[in-house]
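In UniProt numbering, the protein residues as written are 1 to 811.
Note that the Cβ used here is the ideal one computed from N, Cα and C, for glycine as well.
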C-alpha cells in the first residue's frame, strides 16, 4: 500500500530550486511519485512500503535545502511495563510522517520526531489514546499531577492484612472461624484499590497487546472469581478444591501496589537531575532602571534589562557583566570547583552564585533560551533516547507476556492431567503463581532507569548527553580522535621560546613588545602577554609590512620584527638555531636592527595543562588516541609527542575529517570524535559518538552527542568512566530481569514439587515480582554515587573516590 507524505522544505526561491528538490526526491529509492509546490514550500511524496524516510530527507539536505522536522516530548499516563512502551511505540510509528519514536518507562514520556505537515501533534495523541493510554499536553501535565499509588496503597494495606488475619488466624493463632461474608467484606476494598490494574488490563486485552496489568488482573481476578464461585456454587467444585483465595488476591494486590509505590519513588529520584537544574533559577530579580531598583519575578525579565546581583545571590538570567568585579561559582553547571573571576564584558549564566562583589548584569537570554533551560532540555531528551542494548529488551518484551500466558495455561493443563488431588486447586495455584511472578516491569525499567540516573549525574559534573545512545557508544569506544586547536591546545598562540643574540632575553622581549603594542594580531598578543610586567619603551613611526612583519623606531634605533622572508629582504643572516625553530614546530618571529639579528622568538599553541594527564588516562582505559588536525604536520607532531599520542593525521581539511573517521570505522574501530562543536560538526555527526567541548556559556547544542560544558578535558575521561559504569549497570539489570524470570517461572509452575512437595505461594510470587522491579531501579540509583576522577575537583585515590588507578577503566 502506497504511503502519502507531505514535507515542508525551506530555502527554495525559484523554479530551478523546485526542479532540484524534485530531482533529488525522485532519485531516492522507494519514491513512486514526487512533486514540489514553490508557493507553499511543500513536497508531496507517494512512497512504497518500508521506505527509509530519513534517507529521503537527507537527499533534500544534500541538495541544499532544509526539510522541516518537528520534535515532541509527550507525557503519557498509564504505562506500567515494557510491553506498554512497545505498544505505544508501535501505535505511533505506524502513523505516516513519523521518523522516530522512543518511549521511556522511567520518565513516562514519548520522544517523537515527525513531519508536522503530514502528521499533527493531536494525531499523535489520538494514536496513544487508541493504544489505551493517556497523553498529556504541557499545560495539562503541569495542572494535573501524576496519579500516585500511595492513596490506593493506604486503602489496600490494612484491609489486605485484615483479610489475611480472618483467613489464616484460626490456623496460625487458634482464633475462631469468622463468617465467610466478613472475609468477603474485608477483601472488597482491596479490589477497589487495585481497580487501575483491571481497567488497564481490559484495555490491553482489547488491543491484543498484553502487559503487566494483564498478568495482575488475570491473576488477582482469577483468585477473587474462584473464591466467589466456591462461595456461591460449592457443588461445582470437588470437596478438596473448595478453598477461598481471597486473602491471596488481597495480599497480592497490596504487594503489587507497595512495589509500584516504592518503584515510583525510586523513579522520581532517577529524574531528580532536571528538577535540581530548574531549581537553580531564582524566583525574583532586582531590576535597575531610571526610577531606581525594583524587585520583579525573574520570569518577567526581558533581554536588555539590567539586574543588580548582590554577594551570595544567584544570577537570575544569562547576561553580560556591565559593572563590578566578583567571582562566580559555576560548579553546578560545569563541574569546576573553583569560582571564575568576572568583570565588565564577561558572560554569566543564570542560576550560578555570585561571590564577594556586587555585579550589574545586562540580561541577554531568558526563559527557554537560557543555558540552564537548554541543559534541562538536553538531560530530558537524553533520558528519552534508547541505546541499542535496549532494542534487545524491547523485542523480548513484545513476545514475553503472550509466552507467559501460554506457560500459565500449560501449567494449569498439566496439573489438571497429572497433578494430585485436589487437582483443580493445585492447577489454579500454579497458573496464578506463573502469572504473578512473570511481570515484565523489570525488563522495561532495566535501561531507562540507568540512563535517567547516569545522564542526571553527568549534568551535575558539567557533562551533557544529548542522546542516551551516546552512553553506550562511549562505553564501547576503542579509538578517540581528538581535534588539536582549541581542544587539546589552548587555542591561541603563546611565546614559548626566546633565543637572544646580543641583548638579554628580557631586553629583546621588551623591544619586540614595544613594536607590537596596540596590535590585535594573535602573535602580537602572545608577545605582549609574555612581556606583561616589563617597562615597555615608546615606539615611533611604526608601520606594518604586509605579509612580512612590522618596523618602527625604538629608543633611537630602527627595528624590524617579522618573518624569515623579511630577514632575507633585509639581508640579515640567521644562525642555524634560529632557522631550526620552524623545524621544531614553532611559528618563528625574528627581531633585527637592519644589519644583525637581535633575537628569535618561537610562538606555539601549547597543549592544555591537563592534556598530558588526560591522554595518559585514556590510554589506561584501553583507548587509542588519534590526533586529527588541519594544521601543518610539524606542529601537529610536536603536540602529539608532548602528549604521548602516536597516531597523527595532519593537514586534513574540514571535509576530509569525515572521510578520515570513516576510514577508521571501516577498520572496525568504534570511534569517538572530540572537537570544538562548531567547525567540526560534520565529523562529530559521523563518529559513533561526537563530544563537543563547550565553554560553559556558548554551548554547541546541535553539534555533538555529548557536550563538555568546561574546556577541562578531564570531563572526557569522566564521561567515559560514567558511560562504562552505566552500561555495566544496564547489563546487570537485564541479567536480573531475564534470569530472574527464567529461573522462577518454572518454580512457580511447580518444577520443585516432585522434590519438595510444595508449590510456590502466589503471595510470595507477587512479592518476588515487586522486588525484581525494585532491585532494577535501586541498582540504577547506585550511579548517583559516581564520583569524578582526578582533575575535576574530585577525591584522589587515597580518599576512596572512584578513580582511574583503582577502577582500571571500568569505573
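- Comparing alpha-carbon positions, the option among 749, 418 and 523 lying closest to residue 759 turns out to be 749.
- Taking a contact as a CB-CB distance under 8 Å, the pair residue 254 and residue 156 counts as one, their CB atoms being some 4 Å apart.
- For residue 554, the secondary structure class from DSSP, reduced to helix, strand or coil, is strand.
- Boundaries for residue 298: no alpha helix (DSSP H) harbours it, and the DSSP string shows neither H nor E there.
- Using a C-beta cut-off of 8 Å, the region 440-455 makes no contact with the region 599-606, since fewer than three inter-stretch Cβ pairs fall below that distance.
- The way I'd put it, the region 511-519 doesn't touch the region 662-682; fewer than three beta-carbon pairs between them come closer than 8 Å.
- Collapsing the DSSP output to three states places residue 248 in a helix.
- Taking the C-beta atoms as reference points, residue 18 is found nearer than 8 Å to residue 38.
- With a 10 Å radius around the Cβ and a threshold of 16 neighbouring Cβ atoms, residue 14 comes out exposed.
- Here residue 372 is not near residue 309, since their CB atoms are 8 Å or more apart.
- With contacts defined by Cβ atoms closer than 8 Å, residue 552 and residue 559 form a contacting pair.
- In this structure residue 680 is buried. Its beta-carbon is surrounded by 16 or more other beta-carbon atoms within 10 angstroms.
- For residue 327, no alpha helix (DSSP H) encloses it; the enclosing beta strand (DSSP E) starts and ends at 326-329.
- Checking the DSSP bridge columns, you'll see residue 532 has no partner listed.
- Residue pairing from DSSP places residue 104 in a beta bridge opposite 109.
- Contact between residue 219 and residue 436 holds, since their C-beta atoms are separated by about 5 Å, short of 8 Å.
- In the three-state reduction of the DSSP assignment, residue 483 falls in the strand class, which pools E and B.
- It is roughly 28 Å from the alpha-carbon of residue 230 to the alpha-carbon of residue 153.
- By the CB criterion at 8 Å, residue 307 and residue 316 fall inside the cutoff.
- Per DSSP, reduced to three states, the secondary structure at residue 6 is strand.
- The region 51-69 and the region 16-30 touch, with no fewer than 3 CB-CB distances between them shorter than 8 Å.
- Taken through DSSP and simplified to helix, strand or coil, residue 494 comes out as strand.
- A distance below 7 Å between beta-carbons, with the five flanking residues on each side excluded, links residue 245 to the following residues of its chain, in chain order: 223, 226 and 227.
- Taking C-beta separations shorter than 7 Å and ignoring five residues to either side along the sequence, the partners of residue 97 in its chain run 5, 114, 115, 118 and 119, following chain order.
- The C-beta of residue 302 has fewer than 16 other C-beta atoms within 10 Å across all chains shown, which makes the residue exposed.
- For residue 152, the secondary structure class from DSSP, reduced to helix, strand or coil, is helix.
- Residues 18, 21, 36, 38, 41 and 65 of the same chain have their beta carbon placed closer than 8 Å to that of residue 12, with the five preceding and five following residues left out of the count.
- The three-state reading of DSSP puts residue 354 in strand, counting E and B together.
- The residues 642, 643 and 644, in chain order, have a CB closer than 8 Å to that of residue 612 in the same chain once the five nearest residues on each side in sequence are set aside.
- Within the region 632-685, the complete alpha helix (DSSP H) runs of at least 4 residues fall at 633-643 and 654-666.
- Partner residues in the beta bridge of residue 285, as assigned by DSSP, are 296.
- Contact holds between the region 480-495 and the region 528-539, because three or more Cβ pairs, one in each stretch, are under 8 Å apart.
- By the CB criterion at 8 Å, residue 281 and residue 295 fall outside the cutoff.
- Of the residues assessed, residue 151 falls on the exposed side of the cut-off, its CB having fewer than 16 other CB atoms within 10 angstroms.
- A direct Cα-Cα distance of roughly 15 Å separates residue 732 from residue 771.
- Residue 170 and residue 252 have their C-alpha atoms roughly 21 Å apart.
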